[in-house]
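J.:
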Amino acid sequence: MSNITLALAKGRTADSTIHLLKKIGIQFQDFHEDTRKLVFLSEDASIKLIFVKAVDVPTYVEKGAADIGIAGKDNILESQADVYELLDLKIGQCKFVVAGRAGDFPPSKQRLTVASKYPNITEQHFQKKGLDVETVKLNGSVELAPLIGLADVIVDIVETGNTLKENGLEVFEDVENISTRLIVNKASFATKSNDIQLFIKRLTVGLEEEY
Ligand code: PRP
Ligand code: MG
Numbered sequence: 001m002s003n004i005t006l007a008l009a010k011g012r013t014a015d016s017t018i019h020l021l022k023k024i025g026i027q028f029q030d031f032h033e034d035t036r037k038l039v040f041l042s043e044d045a046s047i048k049l050i051f052v053k054a055v056d057v058p059t060y061v062e063k064g065a066a067d068i069g070i071a072g073k074d075n076i077l078e079s080q081a082d083v084y085e086l087l088d089l090k091i092g093q094c095k096f097v098v099a100g101r102a103g104d105f106p107p108s109k110q111r112l113t114v115a116s117k118y119p120n121i122t123e124q125h126f127q128k129k130g131l132d133v134e135t136v137k138l139n140g141s142v143e144l145a146p147l148i149g150l151a152d153v154i155v156d157i158v159e160t161g162n163t164l165k166e167n168g169l170e171v172f173e174d175v176e177n178i179s180t181r182l183i184v185n186k187a188s189f190a191t192k193s194n195d196i197q198l199f200i201k202r203l204t205v206g207l208e209e210e211y
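Right under this line is the structure:
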């Protein structure tokens, strides 16, 4: 019987996370990049892994469907889920920025329109600055919005900067650093304390060797 259910975010960082888990002796034999399978049991049977959409990881953990989750800080922040964030896995390092058309900041407008996949993060950021903005929620290709007049600026993730550059946009402001984090359900942290602490300890040692 597995003791811990771990929700892992599908997508770019999944492979690096599986690699890190393997390094600390937790292996999922039938896991591969293009798998259509969604539930895996570790070879030592200690961990049941569920493979979910990145944006849903905080929900699974907050609701207790998973005891722990591994997901990007972007999705954790946006979800506003009531969970413990206990470890930075330093995978998928990038940042949230405010960006817009090169040379066009601050746009000469009273009330900015901001396009983003992350409306909560966007609103919080501008609220902190005391600015009232109109947020337009998009689901991708956000860089398009300032180019065709849908928004004045965007709040989005920058990794290499290539997407901004290729679309004639530039960073106006840094918002927050992002990387993959370990989150824990609050009740599980109490009821499965030993198992979870041990898992975190093993991960911490694995990370120290990695970096
Ligand atoms: C992400 C992000 C940026 C881009 C950043 O988009 O939203 O657009 O990657 O990477 P870069 O700085 O290395 O260019 P993604 O490819 O996930 O597509 P989407 O926004 O359309 O979902
Ligand atoms: Mg994008």
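Read in order, the letters of the sequence shown correspond to residues 1 to 211 in full-length UniProt numbering.
All C-beta atoms, glycine included, are put in the ideal place defined by N, C-alpha and C.
This one's a predicted model, so the numbers in the text were calculated from it and none came from an experiment.
With 16 as the cutoff for other CB atoms within 10 Å, does L21 come out buried or exposed?
T.: buried
J.: Does DSSP put L203 in a helix, in a strand, or in coil?
T.: Residue state, collapsed to three classes: helix.
J.: Which residue's Cα is closest to the Cα of V57: K37, V83, E134 and S46?
T.: With distances taken between CA atoms, V57 lies nearest to V83 out of K37, V83, E134 and S46.
J.: DSSP three-state call for A45: helix, strand or coil?
T.: Residue state, collapsed to three classes: coil.
J.: At the level of alpha carbons, what is the spacing between E33 and A54?
T.: 15 Å
J.: Near P107, what residues of its chain come up, given a Cβ to Cβ distance below 6 Å and the 5 sequence neighbours on each side ignored?
T.: D152
J.: Tell me whether S141 counts as near the ligand PRP, meaning its Cβ is closer than 7 Å to at least one heavy atom of that ligand.
T.: Yes.
J.: Any heavy atom of the ligand MG closer than 7 Å to the beta-carbon of T163?
T.: yes
J.: Between A71 and G64, what straight-line distance do the alpha-carbon atoms span, to the nearest angstrom?
T.: 15 Å
J.: Is there contact between the segment 160-171 and the segment 128-136, where contact requires at least three CB pairs shorter than 8 Å?
T.: In this structure the segment 160-171 does not touch the segment 128-136; the number of beta carbon pairs closer than 8 Å is below three.
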